[in-house]
Amino acid sequence: MLTVNLSVGALIYTVSAIVLIFGLWIYYDVRDRKLIDAKRRRVVFHCIRCDKLYSAPEGTEVCRCPRCRFENSRLRF
Ligand SMILES: [Zn+2]
382 MLTVNLSVGA LIYTVSAIVL IFGLWIYYDV RDRKLIDAKR RRVVFHCIRC DKLYSAPEGT
442 EVCRCPRCRF ENSRLRF
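First residue of the sequence shown? That's 382 in my numbering, and the numbers climb one at a time after it.
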């Protein structure tokens, strides 16, 4: 009787561990996807003074170059 209880306990333990791992996996997957989406929605700037490419969050029209501090307007494709 004790062995049966033990294996049921082990089964419950294993199942809950798997559920926990899958839960965390899905949670981080969704979170990462949102982060990547937020990163993707950025505008690209090209510095006409030092030729550096850099990006800023969407909606920014003018951004200062991180290398030489020159103010560039956004790149249009
Ligand atoms: Zn620059």
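Glycine included, C-beta positions come from ideal geometry on N, C-alpha and C. Fair warning: this is a prediction, and the values are worked out from it, not measured in the lab.
For the stretch 428–435 against the stretch 399–412, are there 3 or more C-beta pairs whose distance is under 8 Å? Touching, no, given that fewer than three Cβ pairs across the two stretches are closer than 8 Å.
Are residue 439 and residue 425 close, meaning C-beta to C-beta below 8 Å? For the pair residue 439 and residue 425, the CB atoms are not nearer than the 8 Å cut-off.
Please classify residue 451: does DSSP put it in a helix, a strand, or coil? The three-state reading of DSSP puts residue 451 in coil, since its state is none of H, G, I, E or B.
Alpha-carbon spacing of residue 385 relative to residue 422, whole angstroms: Rounded to the nearest angstrom, the two C-alpha atoms are 55 Å apart.
Is it true that the CB of residue 451 sits closer than 8 Å to the CB of residue 430? Yes, Cβ-Cβ distance for residue 430 and residue 451 is below 8 Å.
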